[in-house]
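Below: the structure, in structure tokens.
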Amino acid sequence: MAEQTARRQEIERLRRRAERHRQVAQGLGSEDDARAAQDEAMAVELMVARLERELREMVVGAAALRASPVRSSR
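For the sequence shown, the working numbering assigns the number 1070 to the initial residue and increments by one for each residue that follows.
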């Protein structure tokens, strides 16, 4: 559970970072600088998507373990 909480916090931190990059991009006068900030925001969003996918896999895996009957080989 602690790892899932840490992942959720990291996802939220990265979302805020991406939003800051988008805001910076809007305020930049140079088209190249604005594009670079937008590119950085997109890269951060890709990291968020990867972390969200990993988190879902963790949750599904944990649920599957809880649902499966425990059988001892002894």
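Here a beta-carbon is modelled for each residue, glycine too, at the ideal position from N, C-alpha and C.
1) Find the nearest neighbour of Met1111 within the set Arg1089, Gln1073, Ala1075, judged by alpha-carbon distance.
2) Nearest-angstrom Cα distance between Arg1200 and Ala1106?
3) Just to confirm the assignment, what range does the alpha helix (DSSP H) spanning Gly1096 have?
4) Taking the alpha carbon of Gln1073 as the reference point, which residue from Asp1108, Val1129, Ser1137, Ala1136 has its own alpha carbon closest?
5) What separation, rounded to the nearest whole angstrom, lies between the Cα atoms of Gln1078 and Leu1124?
6) Suppose the cutoff is 6 Å on Cβ atoms and the five residues either side in sequence are ignored; what does the same chain contact list for Leu1083 look like?
7) State the CB to CB distance for the pair Ala1094 and Ala1103, rounded to an integer number of angstroms; the pair is presumed to be in contact (CB under 8 Å).
Looking at the coordinates:
1) Here the closest residue by C-alpha is Arg1089.
2) This structure leaves residue 1200 out entirely; the chain is present only between 1070 and 1143.
3) First-last of the alpha helix (DSSP H) with Gly1096: 1071-1096.
4) Residue Val1129 is the option with its Cα nearest to Gln1073.
5) Those two C-alpha atoms are separated by around 11 Å.
6) Result list for Leu1083: Val1113, Met1116, Val1117, in chain order.
7) About 5 Å; that satisfies the 8 Å criterion.
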